[in-house]
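In what follows, a single structure is set out as C-alpha cells and then discussed.
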Ligand code: GLA
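In mature numbering (1 follows the signal peptide of the UniProt record, and there is no 0), the protein residues as written are -21 to -1, 1 to 464.
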C-alpha cells in the first residue's frame, strides 16, 4: 500500500470536509503524552519529570506513540523586570530550557502551561496581556506544546467572541514565533469552543476537570439526572460518565488538527476499577480525545501498563480518518449503583478503509449481554436500515482480546522483558512497524484485536459486557479485500 504522509492526508481530509484547521500541521491525530497535574500538582520538578520521561521511553510508551511530556501549573516564579516569566529555580535547576533539551534528547517533546488570565488556577503568573512575550520565551526554550487554561480571565468570557479573542491572542503569538507549538486550549467548554476554536487551536477542553471517579455526582460538577442535558455547568470535579454525557453533543465538531479534549486520563491513579479504566480509555480513544496519561510512571502497575499500552485501542485513537464515534442510543437500567446511576449506551463511528468501531457501554452493576443491530450501528450512514453497510456481512474483532497478561507486563516493568511498544519500532528491534497511518491489516492481532464473531446482513452484534465496562469492537466487511495480507 502506498504510504501517505500526514500532511497530505490532512490536506485530503480538509478538502473532503470543507473545513480548515489551524495550519500548524500538528495533532493530525489526537496528541498522546503525559502530564504532571493529576499526580504531582504543584510538587512537579525536574527530577520527577525526567524520571517519568525516562520510564516512558524504557517501558515502550514512546514507541507506541506517546510523545508529549507536559509541565502543568506551578512551574514559574513570577516575572522579571522586563516582563518575562521566570522558572522556579529550585524546582528546575537546569531551567526549563535545560529540562527541554534533556527531554528532547530522549526523543520526546515538551509542553508547558499557562492561563488566559492574570493568574493561573494555582495563582501563579498568567499570560493575559503578555501573550507575545510568553510565546517568544517558550519558543526560545524550544517548547513544543502549550496547555492554556481559563482561570482569572478578568470576566473576558460570556460570549464566544470574548473567549475567541482572548484565546486567539495567544494563538497568534504562538504562530508569530515561527515554531510549531501544539495549542491545547483549556477553557472547560465555556462559550462552546467546539464552535469557534478549530481555526485557532489544536484541541479544546469540553468540560470541567475529570475527577478520579466513574459516576459519582459532585456538588462542583452537578449532573444528577440521566438526561445529560441537565449537566449544565462545566464544573471542576466531574466523573467519567459526567464528562462523557456532555461530550456526546458536539463530537462532529472535531476533525484532524482540531479535537475535543475530554481531559487527561485517570488510568492508574487508583479511583477506577480495572473495568472502569478500560471503559474510560476505550471511550476517550473512540471519541478522539487527546490521551494524556497522568499516572506516576515510576510506580506503574501491570494492569495500568496493559491498558495504556493496548495498541489496538491506540490504533482507534490514531485512526487517520479522525472521526469520533457518535452516541446511537442510551437507556436506563434497573441495576443502579450506590450513586444512583445505571445506564447502557451504544456508540458507533467510521474508521479509515470502511471499518467501523462500536462501543457497548454497560453502566449497570451487573454484567449483561448487550446487542446492537447493524441498522443502529450504521444509523449515521442512513437511518432505519437504509445504509448500504446494513446489507453486508461483517467480521467482528474484540479490540481488547489481546490485552497483555500481568506476568508479561510485570516483566516489562521490572526490565526483564522487551517493552510491548518495541514491536512497533521496526528499526530498533526488527518487529513489525507501527502503522497508524493505514488501517490495520487483517490478522494483525496487535492492531486489530481478535476475531470473535461474524454478523450476517441485517444482523445483530452481541457481546457480554462487564459491569461498569465496555465492549470495544472493530467491524470489517467480509467483502473488504483491500486490507488483507
Ligand atoms: C485547571 C485545569 C486543570 C489543571 C489545573 C492547574 O483546573 O482545568 O487541568 O491544569 O487548572 O491548576
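Here a beta-carbon is modelled for each residue, glycine too, at the ideal position from N, C-alpha and C.
Notebook entry, point to check: Between 104, 241, 314 and 193, which lies nearest to residue 59 when the distance is taken from Cα to Cα?
Noted result: On the chain shown, position 80 is the one that residue 59 refers to. Of the candidates 104, 241, 314 and 193, 104 places its Cα closest to the Cα of residue 59.
Item checked: For residue 425, the nearest candidate out of 125, 290 and 88 (CA to CA) -> Counting from 1 along the chain shown, the entry for residue 425 is found at position 446. Considering only 125, 290 and 88, the residue with the shortest C-alpha distance to residue 425 is 290.
Check: So, are the CB atoms of residue 312 and residue 321 less than 8 Å apart?
Finding: What you label residue 312 is simply residue 333 of the chain shown in a count that begins at 1. What you label residue 321 is simply residue 342 of the chain shown in a count that begins at 1. A contact, by the Cβ cut-off of 8 Å.
Notebook entry, point to check: Hey, how far is the Cα of residue 354 from the Cα of residue 364?
Noted result: Taking the chain shown and counting its residues from 1, the one referred to as residue 354 is at position 375. Taking the chain shown and counting its residues from 1, the one referred to as residue 364 is at position 385. Rounded to whole angstroms, residue 354 to residue 364 spans 5 Å at the Cα level.
Check: Which residue comes first and which comes last in the alpha helix (DSSP H) that contains residue 257?
Finding: In the chain shown, residue 257 corresponds to position 278, counting from 1. Residue 257 -> alpha helix (DSSP H) spans 253 to 265.
Item checked: Rounded straight-line distance, which links the Cα of residue 439 to that of residue 457 -> Along the chain shown, one-based indexing puts residue 457 at 478. Along the chain shown, one-based indexing puts residue 439 at 460. Their backbone Cα atoms lie some 15 Å apart in a straight line.
Next item on the list: Quick one: give me the first and last residue of the beta strand (DSSP E) that residue 48 is part of.
Entry: As a first step, residue 48 must be located in the chain shown, where it is residue number 69. Taken as a continuous stretch (DSSP letters only), the beta strand (DSSP E) holding residue 48 covers 47 to 49.
Checklist line | Separation of residue 19 from residue 329, as counted between CA atoms | finding: Here residue 329 refers to the residue found at position 350 of the chain shown. Here residue 19 refers to the residue found at position 40 of the chain shown. Annotation: residue 329 to residue 19 spans about 37 Å, alpha carbon to alpha carbon.
Next item on the list: Verify the contact flag: residue 92, CB atom, against every heavy atom of the ligand GLA, threshold strictly below 7 Å.
Entry: Here the question's residue 92 lines up with position 113 in the chain shown. At least one heavy atom of the ligand GLA is nearer than 7 Å to the Cβ of residue 92, so yes.
Next item on the list: May I ask you to report which of helix, strand or coil DSSP gives residue 122?
Entry: Taking the first residue of the chain shown as position 1, residue 122 is located at position 143. Here residue 122 sits in coil by DSSP.
Item checked: Closer than 7 Å: residue 118 CB and nearest the ligand GLA heavy atom -> Working through the chain shown from its first residue, we reach residue 118 at position 139. Not so, every heavy atom of the ligand GLA lies at least 7 Å from the Cβ.
Next item on the list: Give me the Cβ distance between residue 448 and residue 378, rounded to the nearest whole Å; I'm assuming they're in contact under 8 Å.
Entry: Stepping through the chain shown from its first residue, residue 448 is reached at position 469. Stepping through the chain shown from its first residue, residue 378 is reached at position 399. Contact flag wrong, Cβ pair sits at about 13 Å.
Check: Where does residue 40 sit, in a helix, a strand or coil, going by DSSP?
Finding: As a working mapping, residue 40 is identified with position 61 in the chain shown. In this structure, residue 40 counts as coil in the three-state DSSP scheme.
Item checked: Inter-residue spacing [alpha-carbon to alpha-carbon] between residue 162 and residue 257 -> Here residue 162 corresponds to residue number 183 of the chain shown, with the count starting at 1. Here residue 257 corresponds to residue number 278 of the chain shown, with the count starting at 1. So the alpha carbons of these two residues sit roughly 28 Å apart.
Margin query: Quick check: what's the CA-CA separation for residue 443 versus residue 48?
Written below: Taking the chain shown and counting its residues from 1, one reaches residue 443 at position 464. Taking the chain shown and counting its residues from 1, one reaches residue 48 at position 69. Roughly 37 Å between the two C-alpha positions.
Margin query: Suppose the cutoff is 7 Å on Cβ atoms and the five residues either side in sequence are ignored; what does the same chain contact list for residue 268 look like?
Written below: The residue given as residue 268 occupies position 289 in the chain shown. The residues are 9, 238, 239, 240 and 241.
Item checked: Check: residue 263 C-beta below 7 Å from any heavy atom of the ligand GLA -> Taking the chain shown and counting its residues from 1, one reaches residue 263 at position 284. Outside the cutoff, so no.
Notebook entry, point to check: residue 54: beta carbon under 7 Å from a heavy atom of the ligand GLA?
Noted result: Counted from its first residue, the chain shown places residue 54 at position 75. Within 7 Å of the C-beta of residue 54 there is not a single heavy atom belonging to the ligand GLA.
Next item on the list: Name the one or two DSSP bridge partners that residue 88 has.
Entry: Taking the chain shown and counting its residues from 1, one reaches residue 88 at position 109. 47, per the DSSP bridge assignment.
Checklist line | Cβ separation of residue 92 and residue 50, assumed to be a contact under 8 Å, to the nearest whole Å | finding: Residue numbering aside, residue 92 sits at position 113 when the chain shown is read from its first letter. Residue numbering aside, residue 50 sits at position 71 when the chain shown is read from its first letter. With a Cβ gap of about 6 Å, residue 92 and residue 50 count as contacting.
Check: Contact check, residue 199 vs residue 251 under 8 Å by CB: the rounded distance?
Finding: Numbered from 1 along the chain shown, position 220 holds the residue referred to as residue 199. Numbered from 1 along the chain shown, position 272 holds the residue referred to as residue 251. Not quite, the Cβ-Cβ distance comes to about 19 Å (not below 8 Å), so this is no contact.
Check: By the 10 Å Cβ neighbour count, where 16 or more other Cβ atoms means buried, how is residue 398 classified, buried or exposed?
Finding: By 1-based counting over the chain shown, the position of residue 398 is 419. The C-beta of residue 398 has 16 or more other C-beta atoms within 10 Å across all chains shown, which makes the residue buried.
Item checked: Contact between the segment 135 to 150 and the segment 171 to 185 (3+ Cβ pairs under 8 Å) -> Touching, yes, given that three or more Cβ pairs across the two stretches are closer than 8 Å.
Check: By a C-beta neighbour count over all protein chains shown, 10 Å radius and 16 as the cutoff for buried, is residue 324 buried or exposed?
Finding: For this step, residue 324 is matched to residue 345 along the chain shown. Looking at its Cβ environment, which holds 16 or more other Cβ atoms inside 10 Å, residue 324 is buried.
Notebook entry, point to check: Where do the N-terminal and C-terminal ends of the alpha helix (DSSP H) with residue 143 fall, by residue?
Noted result: Locating residue 143 in the chain shown gives position 164, counting from the first residue. For residue 143, the enclosing alpha helix (DSSP H) starts and ends at 139 to 156.
Item checked: Cβ separation of residue 135 and residue 169, assumed to be a contact under 8 Å, to the nearest whole Å -> In the chain shown, counting from the first residue as 1, residue 135 sits at position 156. In the chain shown, counting from the first residue as 1, residue 169 sits at position 190. Incorrect: roughly 11 Å between the Cβ atoms, too far for contact.
Notebook entry, point to check: Roughly how many angstroms separate the alpha carbons of residue 335 and residue 454, rounded to a whole number?
Noted result: Taking the chain shown and counting its residues from 1, one reaches residue 335 at position 356. Taking the chain shown and counting its residues from 1, one reaches residue 454 at position 475. Straight through space, the alpha carbons of residue 454 and residue 335 are spaced by roughly 5 Å.
Notebook entry, point to check: For residue 300, which residues of its own chain have a beta-carbon under 7 Å away from its beta-carbon, when the five flanking residues on both sides are left out?
Noted result: In the chain shown, counting from the first residue as 1, residue 300 sits at position 321. Take residue 300, set aside five residues on each side of it, and the residues of its chain with a beta-carbon closer than 7 Å to its own are 329, 330 and 331, in chain order.
Margin query: Using only the alpha-carbon positions, how far apart do residue 114 and residue 69 sit?
Written below: For this step, residue 114 is matched to residue 135 along the chain shown. For this step, residue 69 is matched to residue 90 along the chain shown. Looking at the two C-alpha atoms, the distance is approximately 23 Å.
Note to self: Could you tell me the alpha carbon to alpha carbon distance between residue 338 and residue 119, rounded to whole angstroms?
What the structure shows: If you number the chain shown from 1, residue 338 lands on position 359. If you number the chain shown from 1, residue 119 lands on position 140. Residue 338 and residue 119: Cα-Cα distance of roughly 44 Å.
Note to self: Using only CA atoms, which one of 88, 403, 235 and 391 lies nearest to residue 284?
What the structure shows: In the chain shown, counting from the first residue as 1, residue 284 sits at position 305. Ranking 88, 403, 235 and 391 by Cα distance to residue 284 puts 391 first.
Margin query: Contact between the segment 67 to 83 and the segment 33 to 44 is defined here as three or more beta-carbon pairs at a separation below 8 Å; is this criterion met?
Written below: Between the segment 67 to 83 and the segment 33 to 44, the count of C-beta pairs closer than 8 Å stays below three; the two stretches do not touch.
Margin query: Under DSSP, the beta strand (DSSP E) around residue 275 begins and ends at which residues?
Written below: For the purposes of this step, residue 275 is identified with residue 296 of the chain shown, where counting begins at 1. For residue 275, no beta strand (DSSP E) run applies, since DSSP gives it neither H nor E.
Item checked: Proximity winner among 270, 152 and 277, relative to residue 479 (alpha-carbon distances) -> The structure shown does not extend to residue 479, since the chain spans only -21 to 464, so no value can be given for it.
Note to self: Shorter than 7 Å, the distance from the beta carbon of residue 217 to the closest heavy atom of the ligand GLA, or not?
What the structure shows: The residue labelled residue 217 in the question sits at position 238 within the chain shown. False, no ligand heavy atom lies under 7 Å from that Cβ.
Margin query: Using the Cβ count rule (16 or more neighbours within 10 Å means buried), how would you classify residue 362?
Written below: For this step, residue 362 is matched to residue 383 along the chain shown. With fewer than 16 other Cβ atoms from the protein chains shown falling within 10 Å of its own Cβ, residue 362 counts as exposed.
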